[in-house]
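Notes follow once the structure below has been shown.
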Amino acid sequence: MTHRSTAPDTRPVRLSPLDILALGMLGIRTRRIRAALSALGISLGIATMIVVTAVPASSQKALLARLTALGTNMLEVRPVPDQKPPVLLPQESVAMAGRIGPVTAVSAVANTHAVVHRSDHADAADYAGLSVLATKDDLLPVINAEVRAGVFLGPATRSFPTAVLGSVAATRLGVPDLPPGGPAPQIFVNDRWFTVIGILAATPLSPDIDRSVLVSWDAARTELRFDGHPTVIYVKAREPALEAVRSVLAATVHPELPGMVQISRPSDALAAKRATQTTFSALFLGLAAVALLVGGIGVANTMVISVLERRREIGLRRALGANRGQIRAQFLTESVALSGLGGLSGTLIGVLATLGYTTYQGWPPVIPWFSMAAGIGGAIVVGMAAGVYPSVRASRLTPTEALATV
Numbered sequence: 548m549t550h551r552s553t554a555p556d557t558r559p560v561r562l563s564p565l566d567i568l569a570l571g572m573l574g575i576r577t578r579r580i581r582a583a584l585s586a587l588g589i590s591l592g593i594a595t596m597i598v599v600t601a602v603p604a605s606s607q608k609a610l611l612a613r614l615t616a617l618g619t620n621m622l623e624v625r626p627v628p629d630q631k632p633p634v635l636l637p638q639e640s641v642a643m644a645g646r647i648g649p650v651t652a653v654s655a656v657a658n659t660h661a662v663v664h665r666s667d668h669a670d671a672a673d674y675a676g677l678s679v680l681a682t683k684d685d686l687l688p689v690i691n692a693e694v695r696a697g698v699f700l701g702p703a704t705r706s707f708p709t710a711v712l713g714s715v716a717a718t719r720l721g722v723p724d725l726p727p728g729g730p731a732p733q734i735f736v737n738d739r740w741f742t743v744i745g746i747l748a749a750t751p752l753s754p755d756i757d758r759s760v761l762v763s764w765d766a767a768r769t770e771l772r773f774d775g776h777p778t779v780i781y782v783k784a785r786e787p788a789l790e791a792v793r794s795v796l797a798a799t800v801h802p803e804l805p806g807m808v809q810i811s812r813p814s815d816a817l818a819a820k821r822a823t824q825t826t827f828s829a830l831f832l833g834l835a836a837v838a839l840l841v842g843g844i845g846v847a848n849t850m851v852i853s854v855l856e857r858r859r860e861i862g863l864r865r866a867l868g869a870n871r872g873q874i875r876a877q878f879l880t881e882s883v884a885l886s887g888l889g890g891l892s893g894t895l896i897g898v899l900a901t902l903g904y905t906t907y908q909g910w911p912p913v914i915p916w917f918s919m920a921a922g923i924g925g926a927i928v929v930g931m932a933a934g935v936y937p938s939v940r941a942s943r944l945t946p947t948e949a950l951a952t953v
């Protein structure tokens with residue numbers, strides 16, 4: 548005959564992760580105002596971190612765009628002037644420059660040495676001081692130029708006597724604008740009529756273009772007896788490789804006489820741009836670290852106070868059988884949940900504040916991915932670190948000690 552044991556089951560009760568989460572959220576739900584104020588503290592810290600990283604990043608992007616417009620990635624290639632006989636760049640030099648790996652765009656102009664007048668009645672000795680340049684169709688994006696009126700030269704006008712005027716040339720030739728819907732004005736170039744189809748806006752990167760009459764490369768060959776040798780080659784390259792491109796350009800465009808080729812040095816704006824990038828990167832890291840530290844201290848302080856105020860609850864749970872590990876898990880979960888809520892709300896506040904401020908300033912909004920990740924993930928990590936000491940302290944309270952000190 549077998550006897551069954553009547554001893555009570557004394558195995559400890561194991562809490563599931565959902566039970567621990569419910570216990571951790573209990574303190575937040577029952578003390579909503581305190582939890583909201585505590586979450587507000589860390590949310591302001593996270594929002595500050597996002598704002599102080601995103602706003603400077605947006606400002607930096609706007610500044611870098613302005614510096615890029617100054618030609619930080621452009622080089623000009625010219626033959627050495629005042630040589631007898633004159634140095635001529637090879638006709639294929641433009642295509643040769645385009646084969647350099649880091650080069651992203653190439654275009655060229657060439658002086659046709661033609662003479663331009665307002666009309667055929669102008670005095671031949673009346674020199675307007677304007678150059679007539681044969682121009683590649685892809686010139687404008689390379690030199691960051693824009694058409695103010697009309698259109699630029701292209702495949703449709705490549706074989707016809709058409710011209711585009713620089714901003715200064717248009718004023719000197721008496722063509723300040725193009726009448727919409729009316730007959731296009733004409734100018735007299737080397738005893739031939741050319742129809743003006745466009746006027747450029749001022750081009751700070753290439754002031755010579757402002758004082759020039761631009762004609763198509765093919766039309767210059769047929770109408771002005773242009774020989775096909777470029778005078779200036781404009782080269783755009785990736786900024787990190789700009790110095791390397793400059794070192795090989797002369798030998799690339801004129802292998803026979805590389806010493807007779809002048810290459811402009813990189814713009815001073817490039818050095819300023821690189822210095823700006825370095826300065827802003829260091830600023831981001833420093834401000835982010837300070838904001839996270841402030842948020843973590845606030846959460847730790849809140850949790851320590853919570854342990855002191857909730858000794859009765861801790862003592863009661865310990866008297867009912869909760870072990871130290873469950874007490875630690877409860878308060879650590881509460882700390883992480885509190886920090887996580889603060890991180891989520893702080894991230895949202897920071898993003899909205901950044902969008903509002905950058906829109907007001909007219910900057911492109913830039914929110915670094917690392918600040919978004921730090922806003923949520925960083926808050927959770929900070930909450931874990933801040934909750935270690937309070938949770939351990941709470942777990943060390945014995946039932947009699949906790950209930951006796953209330």
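When the letters of the sequence shown are read in order and numbered with this note's numbering, they come out as residues 548 to 953. Cβ coordinates follow ideal geometry from the N, Cα and C atoms, glycine included.
Practice item. Would you mind sorting I746 into buried or exposed? The rule is 16 or more other CB atoms within 10 Å of its CB. Key: Around the CB of I746, 16 or more other CB atoms lie within 10 Å, so the residue is classed as buried.
Review point. Around the C-beta of V698, are 16 or more other C-beta atoms found within 10 angstroms, so that it is buried, or is it exposed?
Key: exposed
Check your understanding: Is V627 closer than 7 Å to I780 when the C-beta atoms are compared?
Key -> The Cβ-Cβ distance between I780 and V627 does not fall below 7 Å.
**Study point:** Close-in-space but distant-in-sequence residues of the same chain around V598 (CB under 7 Å, 5 per side omitted)
**Key:** G897, A900, T901
Review point. Between the C-alpha atoms of A554 and I874, what's the straight-line distance to the nearest angstrom?
Key: The predicted model places A554 with a pLDDT of 49, which falls under 50 and marks its position as unreliable; any figure quoted below should be read in that light. Each residue's Cα considered, the two are about 27 Å apart.
Check your understanding: Over what stretch of residues does the beta strand (DSSP E) that includes F699 continue unbroken?
Key -> Here F699 belongs to no beta strand (DSSP E), and DSSP marks it neither H nor E.
Point to revise | Through-space distance from T600 to A586, alpha-carbon basis | key: 21 Å
**Study point:** alpha helix (DSSP H) segments (min. 4 residues) lying fully within the stretch 627-685
**Key:** 640-645
**Study point:** Residues that DSSP places opposite I780 in a beta bridge
**Key:** V624, A655
Review point. When the Cβ atoms of the stretch 634-651 are set against those of the stretch 761-770, are three or more pairs found closer than 8 Å?
Key: no
Check your understanding: Nearest-angstrom Cα distance between D774 and L635?
Key -> Answer to the nearest angstrom: the Cα atoms are 10 Å apart.
Review point. Near S666, which residues of its chain fall below 7 Å by C-beta distance, leaving aside the five closest residues on each side in sequence?
Key: F735
Practice item. Taking 7 Å as the cut-off, decide whether the C-beta atoms of S640 and R705 are in contact. Key: No, the pair does not count as a contact, with Cβ atoms beyond the cut-off.
Practice item. Please look up how many angstroms separate the CB atoms of G893 and L591, rounded, as I've assumed it's under 8 Å. Key: With a contact defined as Cβ atoms closer than 8 Å, G893 and L591 qualify at about 7 Å.
Exercise for review: Work out the CA separation of G728 and I744 for me, nearest whole Å.
Suggested key: Taking the Cα positions, I744 is about 12 Å away from G728.
Review point. For G729, which of helix, strand or coil comes out of DSSP?
Key: Under the three-state reduction of DSSP, G729 is assigned to coil, being neither helix nor strand.
Check your understanding: Is E693 buried or exposed, if buried means 16 or more other CB atoms sit within 10 Å of its CB?
Key -> Counting every other CB atom within 10 Å of its CB across the protein chains shown gives E693 a total below 16, marking it as exposed.
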